[in-house]
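All remarks here apply to the structure that follows.
Protein chains: 2
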Amino acid sequence: MEGTQMHTHIVHVHPEPHSYNGALTRAAKTSLEHLGGTVTTSDLYGSGFDPVERARHYADRVQPDRFAPLAEQRHAWKTQTMPKDLVTEIGDLERADLVILQFPLWWHGPPAILKGWMDRVFVSGGIYTSRMRYGTGYFKGKRAILSVTTGAPRAAFGPGSRGGDFETMLWPVQYSLHYVGFSVLPPFISYGVQGHGYSYEEQSSLEARLRENLAVWASQLSKLEDVDPLRFPDWPDWNEDGSAIR
Amino acid sequence: MEGTQMHTHIVHVHPEPHSYNGALTRAAKTSLEHLGGTVTTSDLYGSGFDPVERARHYADRVQPDRFAPLAEQRHAWKTQTMPKDLVTEIGDLERADLVILQFPLWWHGPPAILKGWMDRVFVSGGIYTSRMRYGTGYFKGKRAILSVTTGAPRAAFGPGSRGGDFETMLWPVQYSLHYVGFSVLPPFISYGVQGHGYSYEEQSSLEARLRENLAVWASQLSKLEDVDPLRFPDWPDWNEDGSAIR
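Protein sequence lines, in the order shown, are assigned to chains A and B. Position 18 of the first sequence, counted from 1, bears residue number 62 in the numbering used here, the numbering being contiguous throughout. Position 89 of the second sequence, counted from 1, bears residue number 133 in the numbering used here, the numbering being contiguous throughout.
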């Protein structure tokens, strides 16, 4: 699935196109196309994606008097009355061999627009059912990777450190990708992404470091075949009631 | 701060007023008022809160050609040109002794509308600065507690279990509350909250269990003085660069 065979879809999340997140997405696209692959992008801010799961997304309600999100999701999938923006987003994922989620860390997690992309796109009864999950998930065979920016320096992260531990902070997103069947590769973290309040000398060294980081990301994307996915619990690890087998 | 002195603010998050989340919010309000306290509610779905941090919230831009969220937040706070919905939300928190976040667990975290409430309400330069954080945070002296519903049964949760570990899943929200100075009390989790696909007998026992759970929540709110807050790392635990002191 490398080179010419590989199709990558980038879910791009930042309100400012000229941000460093924008540069990371462009670097990924250039690198992957250079390797002979194809790349599409879903720019959630650009398309005005609505991250709020709510009644008005459903034209044909199974329960018009009471809004139960999962019931409406299942009904919309079954009757092919899915919200149009979700049909687009799901099609993008279906065509991809690799999915990159590019976003800044805001309040120890993804921006709301990306959280709500999961709330809405991972449709009950369509993208998952009680048996079609985890190792038997809808997107089985596809890989996903998070590329995350943060303003604080590397030293501030880790268990007990001020900024928190990335393994914990990214767990909800990564486990959700695992839930719908993706093999999740270790994340790429860009530290110290900020441009304000620095002297000229500091600013220059910051820019040099961030430019170097773009090259690291591009290079890393050319070697994904060598990378083992993260290990998450799966069906063989659980009892029937979902508890962990000790 | 108990009884007549205590003012509680509930941030209520569910798209359906007749949901079990709605019942939990009403049970909390009744219980706290019965104890002599006062209660206000911010219904994020009801008020149409926009969880997406974006340029259009800022009428008076410090950088009109490039949208840097934190720079605009600091500028808006300093020039008192804050978005009106945030002035309301922040005022509600300032007046509260106790803040309850009531929400369903969606994709191993809060719904997007609550994630974005944090993205927008916790304003850089106003609600926090590099020194006004954690133990020296803006909301120091106030308490916060999460009340969370989930469809899966209790057995499915815990380290390595199918549904995930609540300590990990709630860490991003709870640590963010700690970041802005709240003492965070252990969460109240309502398991097995669902009403579809059951036989009459199962449905009856489900309803009895959920009714009983409302009483447990009401009772728990009357005994918060006895509860120790969760312990999170704080200034004395870190080196100057934010790394944990070993």
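A virtual CB, placed ideally from N, CA and C, is assigned to each residue, including glycine.
Contacts around Ile157 of chain A, its chain only, beta-carbon distance under 7 Å, and the 5 residues preceding and following it disregarded
If the five residues before and after Ile157 of chain A are omitted, its C-beta is found closer than 7 Å to the C-beta atoms of Val57, Leu88, Tyr89, Phe93 and Pro95, all from its own chain and listed in chain order.
Going along the chain, which residues of the segment 208-229 of chain B sit with their C-beta nearer than 7 Å to a C-beta in chain A?
Listed in sequence order: Gly208, Thr212, Met213, Trp215, Pro216, Tyr219 and Ser220.
Which bits of chain B does Phe111 of chain A rub up against, with CB to CB less than 8 Å?
Those within 8 Å of Phe111 of chain A in chain B are Pro59 and Glu60.
Would you identify the three-state DSSP class for Asp94 of chain B, choosing helix, strand or coil?
Asp94 of chain B falls in the coil class under three-state DSSP.
Count the other C-beta atoms from every protein chain shown that fall within 10 angstroms of the C-beta of Asp104 of chain A, then say buried if there are 16 or more, exposed otherwise.
When all chains shown are included, Asp104 of chain A counts as exposed.
With burial defined as no fewer than 16 other Cβ atoms inside 10 Å of the residue's Cβ, what is the status of Thr173 of chain A: buried or exposed?
By the neighbour-count definition (other C-beta atoms within 10 Å, threshold 16), Thr173 of chain A is an exposed residue.
Consider the Cβ of Ala188 of chain B: report whether some Cβ of chain A lies at a distance smaller than 7 Å.
It does not: the Cβ of Ala188 of chain B has no partner Cβ on chain A nearer than 7 Å.
Between the alpha carbons of Arg275 of chain B and Ala112 of chain B, how many angstroms are there, rounded?
Separation of Arg275 of chain B and Ala112 of chain B (C-alpha to C-alpha, rounded to the nearest whole angstrom) is 33 Å.
Determine the contact status of Val237 of chain B and Gly195 of chain B, defining contact as a CB-CB distance below 7 Å.
With contacts defined by Cβ atoms closer than 7 Å, Val237 of chain B and Gly195 of chain B form a contacting pair.
Min CB distance Lys159 of chain B to chain A below 7 Å:
Chain A, which has a Cβ nearer than 7 Å to the Cβ of Lys159 of chain B, makes this yes.
Outcome for Arg139 of chain A when other beta-carbon atoms lying within 10 angstroms are tallied against a minimum of 16:
The residue in question, Arg139 of chain A, is exposed, as its Cβ has fewer than 16 Cβ neighbours within 10 Å.
So, does the segment 117-134 of chain B touch the segment 150-169 of chain B, judging by three or more C-beta pairs under 8 Å?
At 8 Å Cβ cutoff, the stretches touch.
Can we say the segment 177-197 of chain A touches the segment 265-274 of chain B, given the rule of at least three CB pairs closer than 8 Å?
Contact fails between the segment 177-197 of chain A and the segment 265-274 of chain B, because fewer than three Cβ pairs, one in each stretch, are under 8 Å apart.
Backbone secondary structure at Thr74 of chain B - three-state DSSP
Residue state, collapsed to three classes: helix.
Could you run through the segment 162-191 of chain B and flag, in chain order, every residue whose CB is less than 9 Å away from some CB of chain A?
Residues Met162, Asp163, Arg164, Phe166, Arg177 and Tyr178.
Residues of the segment 87-110 of chain B with a CB closer than 8 Å to any CB of chain D: list them in chain order, please.
The chain labelled as chain D is not found among the protein chains of the depicted structure, namely A and B.
Bridge-paired residues (DSSP) for Val83 of chain A
For Val83 of chain A, which the question treats as bridged, DSSP gives the partners A:Thr52.
Is DSSP giving Gly47 of chain A helix, strand or coil here?
Caution applies to Gly47 of chain A, whose pLDDT of 48 falls short of 50 and renders its modelled position unreliable; the value that the coordinates give is listed next. In the displayed model, Gly47 of chain A falls within a helix according to three-state DSSP.
Please classify Ile171 of chain B as buried or exposed, where buried requires at least 16 neighbouring CB atoms within 10 angstroms.
Ile171 of chain B is buried by the Cβ-count criterion.
C-beta neighbour in chain B for Glu46 of chain A, strict 7 Å
The predicted model places Glu46 of chain A with a pLDDT of 49, which falls under 50 and marks its position as unreliable; any figure quoted below should be read in that light. Output row for Glu46 of chain A: interface = no.
For Ile144 of chain A, the residue or residues it bridges with in DSSP
In DSSP, Ile144 of chain A forms a bridge with A:Ile54 and A:Ile189.
Taking Cβ-Cβ distances below 7 Å as the criterion, which residues of the segment 264-285 of chain A are in contact with chain B?
Cβ contacts with chain B: Pro277, Asp281, Trp282 and Asp285.
So does the segment 139-150 of chain A actually touch the segment 57-71 of chain A, counting three or more Cβ pairs closer than 8 Å?
Counting Cβ pairs under 8 Å, three or more are found: they touch.
Assuming contact is defined by CB atoms lying nearer than 7 Å, are His152 of chain A and Pro216 of chain B in contact in what I supplied?
Result yes, Cβ atoms of His152 of chain A and Pro216 of chain B sit closer than 7 Å.
Neighbour-count burial assignment, Tyr182 of chain B, 16 or more Cβ in a 10 Å radius:
Burial call: buried.
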